[in-house]
Structures are given as structure tokens and as C-alpha cells.
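K.L.:
In my numbering, the protein residues as written are 1 to 232.
#1: In this structure, how does DSSP classify residue 35 when only helix, strand and coil are distinguished?
#2: Quick one: Cα of residue 63 to Cα of residue 80, how far?
#3: Beta strand (DSSP E) containing residue 181: first to last residue?
#4: Got a sec, what are the start and stop residues for the beta strand (DSSP E) residue 162 sits in?
#5: Going along the chain, which residues of its own chain have a beta-carbon closer than 6 Å to the beta-carbon of residue 143, five neighbours each way excluded?
#6: Across which residues does DSSP place residue 199 in a beta bridge pair?
#7: Pick out whichever of 203, 177, 129 and 185 has its Cα sitting closest to the Cα of residue 48.
#8: Can you give me the start and stop residues for the alpha helix (DSSP H) that residue 46 sits inside?
#9: Got a sec, what are the start and stop residues for the alpha helix (DSSP H) residue 217 sits in?
#10: Tell me, please, whether the stretch 8-22 touches the stretch 121-139 by the rule of three or more beta-carbon pairs shorter than 8 Å.
#11: Rounded to the nearest angstrom, what separates residue 86 and residue 231 at their Cα positions?
#12: Can you tell me which of the three DSSP states residue 191 falls into?
#13: Give me the Cα-Cα distance between residue 172 and residue 118, rounded to the nearest whole angstrom.
#14: So, helix, strand or coil for residue 246, using DSSP?
#15: Since residue 73 is in the alpha helix (DSSP H), which residue starts that stretch and which ends it?
#16: Which partner residues of residue 102 appear in the DSSP bridge assignment?
#17: Would you check if the stretch 65-75 and the stretch 93-108 touch, i.e. whether three or more CB-CB distances between them fall below 8 Å?
#18: Tell me which residues share the same chain as residue 19 and place their Cβ nearer than 8 Å to its Cβ, disregarding the 5 neighbours each side in the sequence.
#19: In whole angstroms, what separates the C-alpha of residue 41 from that of residue 138?
#20: Using C-beta distances below 8 Å, list every residue in its chain close to residue 77, excluding the 5 sequence neighbours before and after it, in chain order.
#21: Taking the alpha-carbon positions, what's the residue 225 to residue 1 distance?
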């Protein structure tokens, strides 16, 4: 088994289902960048389309069960909290999708595996694959297991991480969004350390390290925010 085959096997162990249709699973785990060259490869965009609809149906049904007295407006508000691409990305990381995902050549260095939107789409594609293979019952088992914490925290005030806050700071001043660049990578393949530099127009760049690109990005965004607050 190569590294990715191990990751796929671990993903199936986490979700509690081994796919009979291996081609279907492979398609769900394939990002569109894989088929961007001369050789066309089936990727997960169509499955993501289906998975989005299945996910919304299951979430609406669950909210009806949890809030039998809630009005439509309240239901819509809660729906918008539990079904976001960030929530899908959190679930994707929980089940090990980043390691199992197939991406195009060079995409890993660009941070595609750590991209919340990419992971969110892959999670929806996985839900579609579960739905196709085992119907709503199988998809719902996955959903109720891995969306549990999203429903438990849906009444809490939304938390904005440092990357979001820094982006909002820039946009409020009419500036381009912050740019994050990988300036160094060290450590082993299993325990890498990334050095990320963030640049904002009119500010000197800052750097920070993390065990993943996302962790380093959040760390350096926090450093930049602290500097901006001090300068006010």
C-alpha cells in the first residue's frame, strides 16, 4: 500500500463503511485539478452537486426534529450555521479527507489540500457517494455521526478565526485581501513545519510557523492583527 492508499483505508475505517464501488469512491476523492491536463479524469464536481442537496435535506430534517416549535426564519438561520463550507471542511478533516484526496501535480504545494472550500466540496462529494452506494440510510448515518458537534454548537455566537478577522480588516479599508506565501518547509514528510508569510498592502510582512499551512496561516494572521491593533 502506498501512502494515499493507507489514507483511503483509514478514511473508510473512520466513517465505518468500506465502499463496494471503488470507482465511485475514487471519483469522490478526486479534485478537478487532476483532470486539468491532456488526460481527462473523472473528478468530484458532479458528486459535490448531488451531495449538497442530500446534505441540505438531512440537515433540514434534523432541525425539524430538534426544533419542533421553531418558525421558518429561525430554521433558516440555524440552517445557515450548520451547513457551511467551513462546517463541511471541519468534517472533512475529522474523517481524514485531506490525506485521501487526489489533487493535480503541484497542487499540494499551493495549499489545495488545506483549502476549506476544496475540502468542503470533497465532503459533499463523499456524502453523495455514500448516498449512491447505500441510499439515504447510509448517508444519514455519516451525517448524524459527524455533524453532531455542529448541531451542539449552533446556538453559540459565531467565532471568527484570525484569518477571517484579518481579511475583514483589509476589506473594510478597501485593500486587497491578505496574501499568504509559503517561504520555507522543513521537517520530515510525516511531520512537516511550514513557514508562512502574510502580506498586506501598506504593511511590512510577518512570518510564522505551523505543522500545516492552515495552522501557520492562522498563526501569522494573529501576529499581523496584534501589530495592527498596537499601531492604532
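Even glycine gets a Cβ: it sits at the ideal position worked out from N, Cα and C. Fair warning: this is a prediction, and the values are worked out from it, not measured in the lab.
P.N.:
Short version:
#1: helix
#2: 11 Å
#3: 179-187
#4: Per DSSP, residue 162 belongs to no beta strand (DSSP E); it is in the alpha helix (DSSP H), 162-172.
#5: 58
#6: 179
#7: 129
#8: 45-66
#9: 213-231
#10: Three or more beta-carbon pairs drawn from the stretch 8-22 and the stretch 121-139 are found closer than 8 Å, and the two stretches are therefore classed as touching.
#11: Roughly 31 Å between the two C-alpha positions.
#12: coil
#13: 26 Å
#14: Beyond the ends of the chain as shown, which are 1 and 232, falls residue 246; an answer cannot be given.
#15: 72-82
#16: 30
#17: no
#18: Here the set comprises 12, 25, 129 and 133.
#19: 27 Å
#20: Once the five neighbours on either side are set aside, residue 77 has no close Cβ partner at all.
#21: So the alpha carbons of these two residues sit roughly 44 Å apart.
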